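For reference, the structure discussed in these notes is given below.
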Amino acid sequence: MLGDAAFVARPHCGMGVTKAAGDALAITEALERHPSVEEALADYSEQRCRFGASIVQHARHLGAYMQAQLKSEEEREMAELYRTPEAVMRETAVPVKF
Ligand SMILES: Cc1cc2nc3c(=O)[nH]c(=O)nc-3n(C[C@H](O)[C@H](O)[C@H](O)COP(=O)(O)OP(=O)(O)OC[C@H]3O[C@@H](n4cnc5c(N)ncnc54)[C@H](O)[C@@H]3O)c2cc1C
Numbered sequence: 017m018l019g020d021a022a023f024v025a026r027p028h029c030g031m032g033v034t035k036a037a038g039d040a041l042a043i044t045e046a047l048e049r050h051p052s053v054e055e056a057l058a059d060y061s062e063q064r065c066r067f068g069a070s071i072v073q074h075a076r077h078l079g080a081y082m083q084a085q086l087k088s089e090e091e092r093e094m095a096e097l098y099r100t101p102e103a104v105m106r107e108t109a110v111p112v113k114f
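FYI, the numbering for the sequence shown is 17 to 114, going by this note's numbering.
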């Protein structure tokens with residue numbers, strides 16, 4: 017499974033196409049690198065599940081400032097941080113380190 021079929025993060029992180037293309041590249045490279053399909057899929061799954069999970073984590077991080085009811089002090093600080101267009105542009109549709 018790859019692209020949206022494997023993992024869908026909330027849309028505001030703008031990573032859907034990047035992730036689908038990265039998944040396609042990763043599975044091609046894994047199939048070239050390993051002698052068996054099973055090993056290639058295990059390698060691919062390990063790499064891309066980590067990446068997918070990091071996107072979901074990033075979506076949660078970005079999503080905190082969109083909540084109608086901001087609950088904690090940390091969430092209120094996040095909301096303040098993302099009130100500027102510069103902050104939104106800096107952290108949206110860019111890959112995060114994982
Ligand atoms: C309104 C909207 C805006 C978006 N904006 C952005 C953005 O700005 N940036 C970004 O990165 N991502 C964006 N996305 C997300 C992005 O489009 C997806 O994450 C990306 O297209 C996923 O690629 P995919 O190849 O996994 O799936 P898809 O692009 O959905 O491709 C799946 C393909 O399978 C075909 N298909 C389905 N069922 C069958 C079947 N039974 N047999 C044969 N073919 C079948 C479909 O017709 C489709 O062509 C947006 C999505 C939407 C809906």
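All C-beta atoms, glycine included, are put in the ideal place defined by N, C-alpha and C. Only a predicted model underlies this, so the values are computations on that prediction, with no experimental measurement involved.
So what does DSSP say about residue i, is it helix, strand or coil?
i     : result
MET94 : helix
HIS77 : helix
SER12 : Examination of residue 12 is not possible in this model, given that the chain is present from 17 through 114 alone.
Would you report the Cα separation of residue i and residue j, rounded to the nearest angstrom?
i      : j     : result
MET31  : ALA95 : 21 Å
TYR98  : ILE43 : 35 Å
ALA103 : LEU41 : 30 Å
Got a sec: does ligand 1 put a non-hydrogen atom nearer than 7 Å to the Cβ of residue i?
i      : result
MET31  : yes
THR108 : no
THR34  : yes
GLY19  : yes
Within the same chain, show all residues whose beta-carbon is closer than 8 Å to that of residue i, passing over the 5 residues directly before and after it, in chain order.
i     : result
GLY38 : ARG64, PHE67
THR34 : ALA109, PRO111
If I follow the unbroken alpha helix (DSSP H) through residue i, where does it start and stop?
i      : result
ASP39  : 32 to 49
ALA103 : 101 to 107
Spatial neighbours of residue i within its chain, please: CB distance less than 7 Å, with the 5 preceding and 5 following residues excluded, ordered by chain position.
i     : result
ALA58 : none
GLU54 : none
Any chance the CB of residue i is under 7 Å from a heavy atom of ligand 2?
i     : result
PRO27 : This structure lacks ligand 2; its bound ligands are ligand 1.
Can you list, in chain order, the residues of its chain whose CB lies under 6 Å from that of residue i, leaving out five sequence neighbours each side?
i     : result
VAL72 : ALA25
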